[in-house]
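Asker:
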Amino acid sequence: MAHALTTSRAWAELEAHASRLKPTHLRELFAADDDRFGRFSLEVGDLLADFSKQRITTETLALLQDLWRAAEVTQWTTRLRQGEAINHTEHRAVLHHALRHSGDEPILLEGKDVMPDVRRVLGQMEEFCNRVLSGDWKGASGERIRDVVNIGIGGSDLGGKMASQALSVFHVPEVKVHYVSNLDGAHLATTLAGLHPASTLFIVASKTFTTQETMQNAQSARDWLVRKLGEKAVAHHFVAVSTNHQAVAKFGIAPANVFEFWDWVGGRFSLWSAIGLPFALSVGFANFRRFLAGAEAMDRHFFETPVERNLPALLALLEVWNTNFLGAATRVLLPYTQSLEILVSYLQQLEMESNGKQVDRDGAAVSYATAPILWGESGSNGQHAFYQLIHQGGSLIPCEFLALREADYPLPGHQEKLLANCFAQSEALMRGKTVAEVRAEMHEAGLSAEAIDELSPYRVFPGNQPSTTLLLSRLDPYTLGQLVALYEHKVFALGILWNLNSFDQWGVEYGKQLAHKLLPILEGKAPMAGLDSSTAGLIAACRKK
Ligand code: F6P
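Going by the numbering used here, 555 is the number at position 523 of the sequence shown; the sequence numbering is gapless.
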């Protein structure tokens, strides 16, 4: 069944507009308007977004904004803020913005203000961070903590890992924070190899406290500790972040060492909750509060700004334009800062686990594309790997460049070169290079007519590849908070535009279910019966020692 959105006037007008605009090259759009940058860029807080290299005109934006109104995104934002159970398949509200709310106004869930609980846990986190960083928190043998290992996966890992890596300039000297997620024992073993049990603290981070990877890694870490320091040491070396208190208690972690969060915080939106504890330990709690403040500033912008000047809204609409009207199947994220390398993985979960859906909010099959595949790599590394395909591979690949105006590690000579490369790539992707330009260039270089004929086809660039460039003033806790919240709101808005529930993730369940079935077979405790020949063959090959 077609959703009302695709049968709306705005959708039909966008389709007609897209077929009119498609033959126009970005070069022509720039040639026709000296002030595309002024018209199609926006500064919000510490972020400058230049979307003038998108294949749009003012008419495109106006029509996309009509679509925004037709999808009633603003009304849905009110429902989100009022604590309605908009995650309807799990009967949950979505209130992660409460985690960074600093005002006195209550945030109500079923008539009850959630803010006292939020503040209580923030206070508990702050006290804990201060105790660990001051050396007041002692291990079982009286040593202070030098290493903290966060054990979690997905939303209970990626956010902290990304933020800790992003802000290495702000790292405190007192502790080193490590992240272990993979079920492959190599991850835990190589992390523990250089650590001493007496000065190591583990944070077991799991919303459900049932996730196989996390439970296995936590058990192995516990064994490692107990082997050296005995059973009683667990209380001094393990804390947990979870909503499942019973399971945490069963693992042997005392209630005083549990940091609570709530079912209205989705895993991939949980960095602002106690899931952010390892990140807070890596940069100190004052910086964690600055991070929350940056996100809160972006919340205010998203909640209070009309669509025409609303950055998350515009980024969401441009994604709809590229995906649903120009036909892009992917988007590539290219952060020209090594510090945001893990942002790609973080956003892969945020965007694709949220909006990679085949069924809409009403349970009907969607008849249009949803989340494009997000991929990427830090610039300039990617330039020497896959950019060839973006330039000449023939697919439409919207690019998102992300760069810092001020480098976080200002080594002489680096930053200008980095920015020159970043801007050169978006210019090349926009302009392309025509046969005439290629031939003239080779002629000027003194190549023979035969060589020009032979080589020119290889040197042509079609261009017309759309891109947005996001410039962040600098990378610090406050600006990182703005950036991450920007993407969260974009994801929410896209979910509403596509009529999806962005807050469930049923698609990850099937593989987990089958893994539970295959485990006893791999262990030789259950027969092979009923398996397809491929799965049976692979298991048999692994059981042959
Ligand atoms: O498998 C997907 C998922 O449920 C994610 O949504 C979540 O972030 C991750 O697993 C970890 O879950 P938990 O925090 O419950 O261990």
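Even for Gly, the Cβ is constructed at its ideal location relative to N, Cα and C. Treat the numbers as computed from the prediction; the structure is a model and nothing was measured.
Just how far apart, CA to CA, sit residue 233 and residue 270?
Answerer: Stepping through the sequence shown from its first residue, residue 233 is reached at position 201. Stepping through the sequence shown from its first residue, residue 270 is reached at position 238. So the two alpha carbons sit approximately 6 Å from each other.
Asker: Taking the alpha-carbon of residue 324 as reference, which of 447, 521, 558 and 509 has the nearest alpha-carbon?
Answerer: As a first step, residue 324 must be located in the sequence shown, where it is residue number 292. For the residues 447, 521, 558 and 509, the minimum Cα distance to residue 324 belongs to 509.
Asker: Inspect the beta-carbon positions of residue 354 and residue 534 and report whether they are closer than 7 Å.
Answerer: What you label residue 354 is simply residue 322 of the sequence shown in a count that begins at 1. What you label residue 534 is simply residue 502 of the sequence shown in a count that begins at 1. No, these two residues do not count as a Cβ contact at 7 Å.
Asker: I think residue 132 touches residue 327, with their Cβ atoms under 8 Å apart; what is that distance to the nearest whole Å?
Answerer: For the purposes of this step, residue 132 is taken as residue 100 along the sequence shown, with counting starting at 1. For the purposes of this step, residue 327 is taken as residue 295 along the sequence shown, with counting starting at 1. Confirmed, Cβ separation roughly 4 Å.
Asker: With a cut-off of 8 Å on the beta carbons, I'd call residue 503 and residue 80 a contact; round off their distance for me.
Answerer: Start at 1 with the first residue of the sequence shown, and residue 503 comes out as number 471. Start at 1 with the first residue of the sequence shown, and residue 80 comes out as number 48. Between residue 503 and residue 80, the beta carbon gap of about 4 Å places them in contact (Cβ cut-off 8 Å).
Asker: Please state if the CB of residue 123 and the CB of residue 130 are separated by a distance shorter than 7 Å.
Answerer: For the purposes of this step, residue 130 is identified with residue 98 of the sequence shown, where counting begins at 1. For the purposes of this step, residue 123 is identified with residue 91 of the sequence shown, where counting begins at 1. Result no, Cβ atoms of residue 130 and residue 123 do not sit closer than 7 Å.
Asker: How about residue 174: is its Cβ closer than 6 Å to a heavy atom in the ligand F6P?
Answerer: Mapped onto the sequence shown, residue 174 falls at position 142. Answer for residue 174: no, Cβ out of range of the ligand F6P.
Asker: Which of helix, strand or coil does DSSP assign to residue 72?
Answerer: Here residue 72 is taken as the residue at index 40 of the sequence shown, counted from 1. Coil, per DSSP.
Asker: Does residue 242 come out as helix, strand or coil in the three-state DSSP assignment?
Answerer: Start at 1 with the first residue of the sequence shown, and residue 242 comes out as number 210. Judged by DSSP in its simplified three-state form, residue 242 adopts coil rather than helix or strand.
Asker: I'd like to know whether the C-beta atoms of residue 381 and residue 190 end up nearer to each other than 7 Å.
Answerer: For this step, residue 381 is matched to residue 349 along the sequence shown. For this step, residue 190 is matched to residue 158 along the sequence shown. Yes, Cβ-Cβ distance for residue 381 and residue 190 is below 7 Å.
Asker: For residue 278, verify whether its CB is less than 6 Å away from any heavy atom of the ligand F6P.
Answerer: Taking the sequence shown and counting its residues from 1, one reaches residue 278 at position 246. No, the ligand F6P has no heavy atom inside 6 Å of this Cβ.
Asker: Report the partner residues of residue 290 according to the DSSP bridge assignment.
Answerer: By 1-based counting over the sequence shown, the position of residue 290 is 258. Paired residue(s): 272.
Asker: Between which residues of its own chain and residue 569 is the CB-CB distance below 7 Å, once the five residues before and five after are set aside?
Answerer: The count along the sequence shown starts at 1 and reaches residue 569 at position 537. None.
Asker: Rounded to the nearest angstrom, what separates residue 204 and residue 413 at their Cα positions?
Answerer: Translated into positions along the sequence shown, residue 204 becomes position 172. Translated into positions along the sequence shown, residue 413 becomes position 381. Going by the C-alpha atoms only, they are around 28 Å apart.
Asker: Which residue marks the beginning of the alpha helix (DSSP H) containing residue 339, and which one marks its end?
Answerer: For this step, residue 339 is matched to residue 307 along the sequence shown. Element bounds for residue 339: n/a, residue is neither H nor E.
Asker: Looking at the strands, I want to know which residues DSSP matches up with residue 502.
Answerer: Numbered from its first residue, the sequence shown carries residue 502 at position 470. Paired residues: 81 and 434.
Asker: In terms of residue numbering, what span does the beta strand (DSSP E) encompassing residue 406 cover?
Answerer: The residue given as residue 406 occupies position 374 in the sequence shown. Note, residue 406: beta strand (DSSP E), 405-408.
Asker: Counting C-beta neighbours from all protein chains within 10 Å, is the total for residue 245 16 or more, i.e. buried, or is it exposed?
Answerer: Taking the sequence shown and counting its residues from 1, the one referred to as residue 245 is at position 213. Burial call: buried.
Asker: Given the structure, does residue 285 come close to the ligand F6P, in the sense that its CB is under 6 Å from one of the ligand's heavy atoms?
Answerer: Counting from 1 along the sequence shown, the entry for residue 285 is found at position 253. Flag unset: Cβ of residue 285 not near the ligand F6P.
Asker: From the DSSP secondary-structure annotation, give me the bridge partner or partners of residue 233.
Answerer: Here the question's residue 233 lines up with position 201 in the sequence shown. Answer is 180, bridged to residue 233.
Asker: Have a look at residue 358 and residue 377 and give me their C-alpha separation to the nearest angstrom.
Answerer: Here the question's residue 358 lines up with position 326 in the sequence shown. Here the question's residue 377 lines up with position 345 in the sequence shown. Each residue's alpha carbon lies about 25 Å from the other.
Asker: Once the 5 residues before and after residue 336 are set aside, which same chain residues still bring their CB inside 6 Å of it?
Answerer: Along the sequence shown, read from residue 1 onward, the residue named residue 336 stands at position 304. Excluding positions up to five away in sequence, the list is empty.
Asker: Measuring CB to CB, does residue 540 end up less than 7 Å from residue 383?
Answerer: Counting from one through the sequence shown, the residue named residue 540 turns up at place 508. Counting from one through the sequence shown, the residue named residue 383 turns up at place 351. No, the pair does not count as a contact, with Cβ atoms beyond the cut-off.
Asker: Apart from the five residues just before and just after residue 318, which ones in its own chain have a Cβ nearer than 8 Å to its Cβ?
Answerer: Taking the sequence shown and counting its residues from 1, the one referred to as residue 318 is at position 286. Excluding positions up to five away in sequence, the list is empty.
Asker: CB residue 306 to CB residue 285, shorter than 7 Å?
Answerer: Stepping through the sequence shown from its first residue, residue 306 is reached at position 274. Stepping through the sequence shown from its first residue, residue 285 is reached at position 253. No.
Asker: So residue 367 is in the beta strand (DSSP E); what residue range does that whole segment cover?
Answerer: What you label residue 367 is simply residue 335 of the sequence shown in a count that begins at 1. 362-368 is the span of the beta strand (DSSP E), which, as asked, contains residue 367.
Asker: Whether or not the region 167-178 and the region 225-240 are in contact is what I'm after, with contact meaning three or more pairs of Cβ atoms, one per stretch, closer than 8 Å; do they touch?
Answerer: yes
Asker: Would you identify the three-state DSSP class for residue 145, choosing helix, strand or coil?
Answerer: On the sequence shown, residue 145 is found 113 positions in, with the first residue counted as 1. Strand, per DSSP.
Asker: From residue 496 to residue 111, what distance separates their C-alpha atoms?
Answerer: As a position in the sequence shown, residue 496 is number 464, starting the count at 1. As a position in the sequence shown, residue 111 is number 79, starting the count at 1. Separation of residue 496 and residue 111 (C-alpha to C-alpha, rounded to the nearest whole angstrom) is 39 Å.
Asker: Along the chain, where does the beta strand (DSSP E) containing residue 212 start, and where does it finish?
Answerer: Start at 1 with the first residue of the sequence shown, and residue 212 comes out as number 180. 208-212 is the span of the beta strand (DSSP E), which, as asked, contains residue 212.
Asker: Three or more beta-carbon pairs under 8 Å between the region 206-214 and the region 176-190, yes or no?
Answerer: Note that the region 206-214 touches the region 176-190; at least 3 beta-carbon pairs, one per stretch, sit closer than 8 Å.
Asker: So, helix, strand or coil for residue 199, using DSSP?
Answerer: Within the sequence shown, numbered from 1, the residue matching residue 199 stands at position 167. Coil, per DSSP.
Asker: Using 6 Å as the cut-off, classify the Cβ of residue 246 as near or not near the heavy atoms of the ligand F6P, replying yes or no.
Answerer: Within the sequence shown, residue 246 is the residue found at index 214, counting from 1. Yes.
Asker: Out of 542, 566, 575 and 544, point me to the one whose CA is closest to residue 558's CA.
Answerer: The sequence position of residue 558 within the sequence shown is 526, counting from 1. Among 542, 566, 575 and 544, the Cα nearest to that of residue 558 belongs to 575.
Asker: Rounded to whole angstroms, how far is the Cβ of residue 267 from the Cβ of residue 220, which I believe are closer than 8 Å?
Answerer: Translated into positions along the sequence shown, residue 267 becomes position 235. Translated into positions along the sequence shown, residue 220 becomes position 188. No, residue 267 and residue 220 are not in contact; Cβ-Cβ is about 21 Å, not under 8 Å.
Asker: In angstroms, rounded to a whole number, what distance separates the CA positions of residue 342 and residue 435?
Answerer: The residue labelled residue 342 in the question sits at position 310 within the sequence shown. The residue labelled residue 435 in the question sits at position 403 within the sequence shown. Each residue's Cα considered, the two are about 20 Å apart.
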